[in-house]
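*Asks:* The structure is given below, and queries will be raised subsequently.
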Amino acid sequence: MQVLVRDNNVDQALRALKKKMQREGIFREMKMRRNYEKPSERRAREKAEAVRRHRKLLRKRMEREGY
1 MQVLVRDNNV DQALRALKKK MQREGIFREM KMRRNYEKPS ERRAREKAEA VRRHRKLLRK
61 RMEREGY
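In terms of the UniProt record's numbering, the sequence shown opens at residue 1 and continues consecutively.
Right, dumping it as structure tokens:
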């Protein structure tokens, strides 16, 4: 991952880097890897995330269709 530093403005480059990392999900990944997650817990979490994504998609569709 690269961020260009323009005019020696490190603060702006640091903000850009943090924003890129946030978008990529790196912070969430680091937080999750801090502690061991049992395989059964991982499956349950991934299933719950999939359900949330699906419900969000359905909400968006319904909103677009005017319900």
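Glycine included, each C-beta is placed from N, C-alpha and C at the ideal position.
Can you tell me the Cα-Cα spacing of residue 45 and residue 18, whole angstroms?
*Replies:* 25 Å
*Asks:* Is residue 38 helix, strand or coil by DSSP?
*Replies:* Three-state result, residue 38: coil.
*Asks:* Between the alpha carbons of residue 4 and residue 41, how many angstroms are there, rounded?
*Replies:* Between residue 4 and residue 41, the C-alpha separation is close to 39 Å.
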